[in-house]
Each structure stands twice: as structure tokens, then as C-alpha cells.
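J.: Going by my numbering, the sequence shown opens with residue 423, and the numbers climb by one from there. By construction, the Cβ of each residue, glycine as well, lies at the ideal position given by its N, Cα and C atoms. Please read through the structure below; I'll follow up with questions.
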Amino acid sequence: MEESFFITLEGFEGSGKTTLAEILYKILLKNGLKTVLAKEPGGTIIGDKIRKIVLERGNEELGYKAELLLFAASRAENVRINIKPSLEKGFIVICDRYFDSTTAYQGFGRGIDMSIIECINSFVVEDIIPDLTLFLDVDSQVGLQRATIYNKNLELRFEDEFLQKKEVDGKLFLERVRDGYYQIARQNPDRIKIIDANRDISLLIKDIIEVLNFRLSQKYKKEIILKLPN
Ligand code: TYD
């Protein structure tokens, strides 16, 4: 997997991850780099069905254990069908959410034992670990407001939990997820780059491209300078 590169984007709802993933994808393509865009949960036929089960309103009955295993199942399909084969062909893969989401939401958020989360995560992804994870850090209340305004479809189960101020062990679910992300970032300083996503998108992109230039040059052992669109 010499020329491949695996980038994941993480953050709260409303952090602008999906928009950024698409912009990044276009920039890499324009620079002549073979790139694919992936998303979780979903991205495969089975994964898209799982996405509906875990995210749609009306499925509040879903228990935490089943939720964890469904996210894991969706990821296993995504890795097997999209991510791993693309990396093996030397593509850059950008994935909108990956195993850090499971650690943050199901581990820190839901309070499921971390050793179980780690075991399931590594069973699912094996050696397919991101070269770079961009954690888009946005003020959680702002992000939630944005997500609730723009999300007009049925995928509101998580936003509902945030808005209802659901508590786990005396702490809000939202705060647990946010604190969890910071802990994950602290534990993986080489892989995870925290990006202040409260700023204008053009500034974010400039920052991200700088990080990418550095990391791609490191991995490819030659200087890579990506051109930004005018
Ligand atoms: P999505 O519509 O993809 O939202 P976003 O644009 O915020 O990424 O919804 C994904 C939701 O699922 C989000 O609230 C985070 C949650 N999630 C988990 O709880 N665990 C996981 O492993 C993944 C991938 C997502």
C-alpha cells in the first residue's frame, strides 16, 4: 500500500465534516491524485440498510449493544468492499467518520466498556488504520443547532438524544462524546490533528491542505504541494 493514504474526518454533528470531505475530495482529484470518498455508517448496500436502522427516528428501542454491533457491521462491510481494496490499488481514501466515532459515541457517550469497544474496533478494521484523522472541533451547541436546522430528513435519533439532554452516569451524552473526542485526540497525537472548525471554511481548508502536504510528503518520500482552487 505504498502510494495509498487514508484520511478520516471526525467531529460532532454540524461540524461541517461532510462538506469538507467533499471539498477535499475535489481538491485531491484536481491535483491528479486518485481519490475515493467513503462515509459511515453506510457506503455499501448492506451498510446503507444498517444506516437506516441506527439513525432513523422511530428506532429509539434499539439497545446500546445492538447499536454498537450495527455500526461495527456497517464498518466491516465498508472496509471489506470499499476502503481496503481502494487502498490496495493505491488510492487516497477519505472517510467521513470511522472507528473513532464508535469510541466517542458508543464508548465514551454510551459508557460501554472500552476494552469491548477496542476489541470490536480492531476486529473490524484489522490493520486499516488512518494515516491522518482530522478532528473538526466545533462548539458542540453551535454544531447541534446547525445540524438540527439543516437535517431535514429522518436521521435524527442522535440529535434527539442530545437535545433531550440525556444523561449517562450524571453527565450529558453530548458532553461525554465531546470529552471523549478530546481524550482520543490526546491519546493519538501522531494520527489525530485537531482543527478549529468554528472558523470560515476557506481558512479550514488552507489549514487542512498544509497538514496534508506535510503528511503526504512524509509518506510518499517526495515533496507534495497541493494546489488550492482559485
Ligand atoms: P450522520 O448523518 O452521518 O451525521 P454526521 O453528518 O454528523 O456524520 O450520522 C451519523 C451519526 O451516527 C452521528 O450522530 C454519529 C453516530 N455514529 C455513532 O454513534 N457511532 C459510529 O460508529 C458512527 C460511524 C456514527
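#1: Note the first and the last residue of the continuous alpha helix (DSSP H) segment covering residue 491.
#2: Give the secondary structure of residue 466 by DSSP, where H, G and I count as helix, E and B as strand, and everything else as coil.
#3: Pop quiz: residue 433 and residue 558 are said to be a contact at Cβ under 8 Å. What is the actual Cβ separation, rounded to whole angstroms?
#4: Return the CA-CA distance between residue 611 and residue 554, expressed in angstroms with no decimal places.
#5: Assuming contact is defined by CB atoms lying nearer than 8 Å, are residue 619 and residue 437 in contact in what I supplied?
#6: Report the three-state DSSP secondary structure of residue 648 (helix, strand or coil).
#7: Could you give the DSSP three-state label for residue 629: helix, strand or coil?
#8: Is it true that the CB of residue 530 sits closer than 8 Å to the CB of residue 435?
#9: For the candidate residues 429, 430, 440 and 428, whose alpha-carbon lies nearest to that of residue 623?
#10: Which residues does DSSP pair with residue 559 in a beta bridge?
#11: Taking residue 445 as the reference, give the member of 625, 642 and 643 with the closest Cα.
#12: In this structure, how does DSSP classify residue 512 when only helix, strand and coil are distinguished?
#13: Can the beta-carbon of residue 650 be found closer than 8 Å to that of residue 449?
#14: Can you find the residues in the same chain that come closer than 7 Å, C-beta to C-beta, to residue 634, ignoring five residues on each side of it along the sequence?
#15: Where DSSP assigns a beta bridge to residue 541, which residues make up the other side?
#16: Whole angstroms is fine: what's the gap from residue 576's alpha carbon to residue 538's?
#17: Grab me the residues of residue 676's own chain with a C-beta within less than 7 Å of its C-beta, minus the 5 sequence neighbours each way, in chain order.
#18: Would the C-beta of residue 519 count as close to the ligand MN, meaning under 7 Å from any of its heavy atoms?
T.: According to the structure data:
#1: 486-500
#2: coil
#3: 4 Å
#4: 10 Å
#5: yes
#6: coil
#7: helix
#8: no
#9: 440
#10: 618
#11: 625
#12: coil
#13: yes
#14: 648
#15: None, per the DSSP bridge assignment.
#16: With a pLDDT of 45 at residue 576, under the threshold of 50, the modelled position of this residue cannot be trusted, and the question is left open.
#17: In the structure as shown, the chain starts at 423 and stops at 652, and residue 676 therefore has no counterpart that could be examined.
#18: Absent from the structure shown: the ligand MN. Ligands present: the ligand TYD.
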